[in-house]
Amino acid sequence: METSETKQNKAASVVIQTAVILFGLTVYAAGVVLFILPLDMIAAGTTGLGLMAQHFFGIPLSGFVAVFNIAMFGLGWLELGKKFAATFYYPFILDRLTALAGDFVFTTDPMLCAIFAGIMIGFALGFVIRSGASTGGMDIPPLVLQKRFKFPVSVSMYVFDVA
């Protein structure tokens with residue numbers, strides 16, 4: 165039988181875990197907005213696909229990411245039985261930070277942008293994944309491949325990012 169103290173501890177744990185995930189996704193979006201977008205650099209995963217869709221077809225980045233993430237949410241839910249709430253937060257915060265940043269540019273040096281984007285995005289992904297969550301999008305196919313065919317997540321994620 166659960167005591168009220170145990171219930172409070174579980175609730176506090178869920179709140180802290182959710183805050184960490186949202187923080188990580190916000191840092192991820194900030195890295196994209198502040199360092200990838202101003203220099204029209206490319207990124208891997210769903211953001212990279214969205215950048216290509218925006219460049220070639222004029223589809224808004226946050227809109228593409230939202231639609232793609234919803235499709236991956238469905239795949240993840242069907243195949244993995246988990247809910248990926250991050251799927252909905254990332255496109256939202258990406259859109260908000262893009263509007264907030266406007267035309268702001270930290271630097272026009274591509275190497276500095278690549279380094280800072282890599283640091284911010286890597287840091288953010290570490291927070292999200294260590295919290296047991298997914299950023300949605302291209303994190304889900306490697307998890308499905310691992311479940312169905314025992315492919316290592318790191319290998320298939322690398323293959324998807326290179327492609």
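Take the sequence shown: its letters are residues 165 to 327, numbered as in my numbering.
Every residue gets a Cβ at the ideal spot worked out from N, C-alpha and C, and that includes glycine.
**Prompt:** From K109 to R312, what does the alpha carbon distance come to, in whole angstroms?
**Reply:** Not covered by the structure: residue 109. The range shown for the chain is 165 to 327.
**Prompt:** Which term fits A327, buried or exposed, when burial requires 16 or more other beta carbons within 10 angstroms of its beta carbon?
**Reply:** Position 163 of the sequence shown holds residue 327. Exposed.
**Message:** Quick check: L189 and V269, are their CB atoms within less than 9 Å of each other?
**Reply:** What you label residue 189 is simply residue 25 of the sequence shown in a count that begins at 1. What you label residue 269 is simply residue 105 of the sequence shown in a count that begins at 1. It is not a contact, given that the beta carbons lie outside the stated cut-off.
**Item:** Beta-carbon proximity list for M302, same chain, < 7 Å, skipping 5 on both sides
**Value:** Position 138 of the sequence shown, counting from 1, holds the residue named residue 302. Counting only Cβ-Cβ distances below 7 Å, and skipping sequence neighbours, we find G209, T210, F324.
**Request:** Tell me, please, whether the segment 176-188 touches the segment 196-208 by the rule of three or more beta-carbon pairs shorter than 8 Å.
**Result:** no
**Message:** For the alpha helix (DSSP H) containing F287, name the first residue and the last one.
**Reply:** Here residue 287 corresponds to residue number 123 of the sequence shown, with the count starting at 1. That run of the alpha helix (DSSP H) goes 274-294.
**Request:** Indicate the three-state DSSP secondary structure (helix, strand or coil) for M321 in the structure shown.
**Result:** Counting from 1 along the sequence shown, the entry for residue 321 is found at position 157. Looking at M321 - three-state DSSP - the assignment turns out to be helix.
**Asked** Exposed or buried, which one is F237 when buried takes at least 16 other CB atoms within 10 Å?
**Response** As a working mapping, residue 237 is identified with position 73 in the sequence shown. Burial call: buried.
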